[in-house]
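Going letter by letter, the sequence shown gives residues 1 to 380 in full-length UniProt numbering.
Cβ atoms here follow ideal geometry from the backbone N, Cα and C, with glycine treated the same way.
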Amino acid sequence: DMLSFWDVAIYFSGEEWEYLGPAQWNLYRDVTLENYNNLVFLGLASSKPYLVTFLEQIEEPLVVKKGEVTTMYSGKKCYTCKDCGKVFEKKKVFQSHYRLHVRVKTYKCEECGKSFRFPSLLSRHYRVHTGEKPYKCEICGNGFPYPSRLSTHMKTHTGEKPYQCEVCGKAFHNPSILSTHKRIHTGEKPHKCEECGKTFRDSSLLSGHKKIHTGEKPYKCEVCGKDFYFRSKLNIHKKIHTEKNPYKCEVCGKVFDNRSRLSNHMKIHTEEKPYKCEVCGKAFHYLSKLSKHKKIHTEKNPYKCEVCGKAFDYRSKLNKHKKIHIEEKPYKCEVCGKAFHYLYKLSKHKIVHTEENPYKCEVCGKAFDYPSRLSDHKTI
1 DMLSFWDVAI YFSGEEWEYL GPAQWNLYRD VTLENYNNLV FLGLASSKPY
51 LVTFLEQIEE PLVVKKGEVT TMYSGKKCYT CKDCGKVFEK KKVFQSHYRL
101 HVRVKTYKCE ECGKSFRFPS LLSRHYRVHT GEKPYKCEIC GNGFPYPSRL
151 STHMKTHTGE KPYQCEVCGK AFHNPSILST HKRIHTGEKP HKCEECGKTF
201 RDSSLLSGHK KIHTGEKPYK CEVCGKDFYF RSKLNIHKKI HTEKNPYKCE
251 VCGKVFDNRS RLSNHMKIHT EEKPYKCEVC GKAFHYLSKL SKHKKIHTEK
301 NPYKCEVCGK AFDYRSKLNK HKKIHIEEKP YKCEVCGKAF HYLYKLSKHK
351 IVHTEENPYK CEVCGKAFDY PSRLSDHKTI
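See below:
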């Protein structure tokens, strides 16, 4: 028989569950979620068990009534409904019953409209809006809304990364981040936007994406007043005002305003190209470059000019093309005043003033100011 989640689940009696302390609670929660994530990665999880959903929603230990989570009676697994107290011996019967309660979410947040099944979950959710962070790190002073977040944060100080990806070897502080990371390798994007159909690896990315449709920009710069969809973008923007680039490349000395850009840059020195095209085998430093490359094989040109209908494979090419219609020529020669649509056209033009002819014929030695003229010469 195939291994199921319930075969590897940890069971407590009602009395044992009530005696779990905060540290034991966090350990129980992390181990249970890690077991489920491993089953997902192995393709052995047909559907998400109710216990996993329950643990993902609960961020901190709470007083749980006897029987609120799966319990054991007389050595036999029993499934007790935490809403009505009804007990079931068969898992499938219990799951069918439990779904009746799951569909109902009666406690609604007045700020954002999000609904919850328990008032305790709603109370904890309010911390998102109030900014309350009662759990402080004794080392750096950072605050967190939940003890589980503080526990995860503490690993950044100890350097502990016990959860390792079996595919690429990258390690993480907690199992949920590892589970999300694994989707890079599998290509799984289970979270779909109902507005545009775009899919994402995890729910937080989908939540951030939805703000694009609503126009909501809740994160505002206190210096210049600029608004942003995401807090991460605001943090990056703030460095413009402080003029700090704290992330420095030890190889070439180049500095960056955030760690992710430094990490991307380091691939140039290591020649690491982890993103490989399944069609032709070409490898790339960045996932975005691979995504653009794939369009060569599909022959799709999704970026269409609304004026003339011409289509392009990249948005940057479309933007360049649009300048032809609006007659915008932002690149001006300082010597003669001639203007150009594109920077590379201006660079080529400047050679006229410097009298340089860098493009030389290997046969006769004649030099030209533009590569196109050299090409014409070679056909003679």
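{"Asked": "Contiguous alpha helix (DSSP H) assignments of at least 4 residues, all confined to the stretch 216-265", "Found": "231-242"}
{"Asked": "Whether D202 touches T186 by CB criterion (8 Å)", "Found": "no"}
{"Asked": "Whole-angstrom distance between S375 and H325, CA atom to CA atom", "Found": "29 Å"}
{"Asked": "Local conformation of residue 393 per DSSP, three classes", "Found": "Since the displayed the chain opens at 1 and closes at 380, residue 393 lies outside it and no answer follows."}
{"Asked": "The alpha helix (DSSP H) enclosing R126, as first and last residue numbers", "Found": "The amino acid at residue 126 is misidentified as Arg; the sequence shows Tyr. From DSSP, Y126 is part of no alpha helix (DSSP H); its letter is neither H nor E."}
{"Asked": "From K276, V251 and F256, residue whose alpha carbon lies closest to that of I268", "Found": "V251"}
{"Asked": "DSSP state of G113 mapped onto helix, strand, coil", "Found": "coil"}
{"Asked": "Residue burial classification, T379 (beta-carbon count within 10 angstroms, cutoff 16)", "Found": "exposed"}
{"Asked": "6 Å CB neighbourhood of H285 in its chain, flanking five on each side removed", "Found": "K267 and K273"}
{"Asked": "Neighbour-count burial assignment, K182, 16 or more Cβ in a 10 Å radius", "Found": "buried"}
{"Asked": "Rounded distance between the beta-carbons of K189 and F200, thought under 8 Å", "Found": "6 Å"}
{"Asked": "Distance, N319 Cα to Y303 Cα", "Found": "9 Å"}
{"Asked": "Nonlocal neighbours in the same chain, by C-beta distance under 8 Å from C140, ignoring five residues either side", "Found": "H157"}
{"Asked": "Closest residue to L234 among F172, K217 and C280 (Cα-Cα distance)", "Found": "K217"}
{"Asked": "Residues of its chain near S372, where Cβ-Cβ distance is below 6 Å and the 5 sequence neighbours each way are ignored", "Found": "none"}
{"Asked": "DSSP state of E68 mapped onto helix, strand, coil", "Found": "Annotation note: pLDDT 43 at E68 (below 50); position unreliable, no value reported."}
{"Asked": "F41 - partner residues in DSSP beta bridges", "Found": "According to DSSP, which records beta bridges pairwise, F41 is partnered with nothing at all."}
{"Asked": "Residues sharing a beta bridge with Y331, DSSP", "Found": "F340"}
{"Asked": "Simplified DSSP state of K136, which is helix, strand or coil", "Found": "strand"}
{"Asked": "Euclidean distance between Cα positions of F256 and I236", "Found": "10 Å"}
{"Asked": "Reduced DSSP secondary structure (H/G/I, E/B, other) of K276", "Found": "strand"}
{"Asked": "The alpha helix (DSSP H) enclosing G131, as first and last residue numbers", "Found": "Element bounds for G131: n/a, residue is neither H nor E."}
{"Asked": "C-alpha gap between A23 and R231, whole angstroms", "Found": "30 Å"}
{"Asked": "Start-to-end residues for the alpha helix (DSSP H) that takes in P147", "Found": "P147 to T158"}
{"Asked": "Opening and closing residue of the alpha helix (DSSP H) in which residue 381 lies", "Found": "A query on residue 381 cannot be resolved here, the shown segment of the chain reaching from 1 to 380 and no further."}
{"Asked": "Of the listed residues N35, S115 and K323, nearest to L343 (C-alpha basis)", "Found": "K323"}
{"Asked": "Pair within 8 Å by beta-carbon distance, N26 and S148", "Found": "yes"}
{"Asked": "Whole-angstrom distance between Y229 and V128, CA atom to CA atom", "Found": "16 Å"}
{"Asked": "Rounded Cβ spacing between Y135 and P119 (contact assumed at less than 8 Å)", "Found": "21 Å between Cβ atoms; not a contact."}
{"Asked": "CB of H349 within 8 Å of CB of K338, strictly", "Found": "yes"}
{"Asked": "Beta-carbon proximity check, P175 vs N264, cutoff 8 Å", "Found": "no"}
{"Asked": "Outcome for Y163 when other beta-carbon atoms lying within 10 angstroms are tallied against a minimum of 16", "Found": "buried"}
{"Asked": "Reduced DSSP category for Y286 - H, G, I as helix; E, B as strand; rest coil", "Found": "coil"}
{"Asked": "Cβ neighbours of Y247 in the same chain (closer than 6 Å, five flanking residues each side left out)", "Found": "F256, R259 and L262"}
{"Asked": "Reference Q95, options V52, T130, H125 and K155, closest by Cα", "Found": "V52"}
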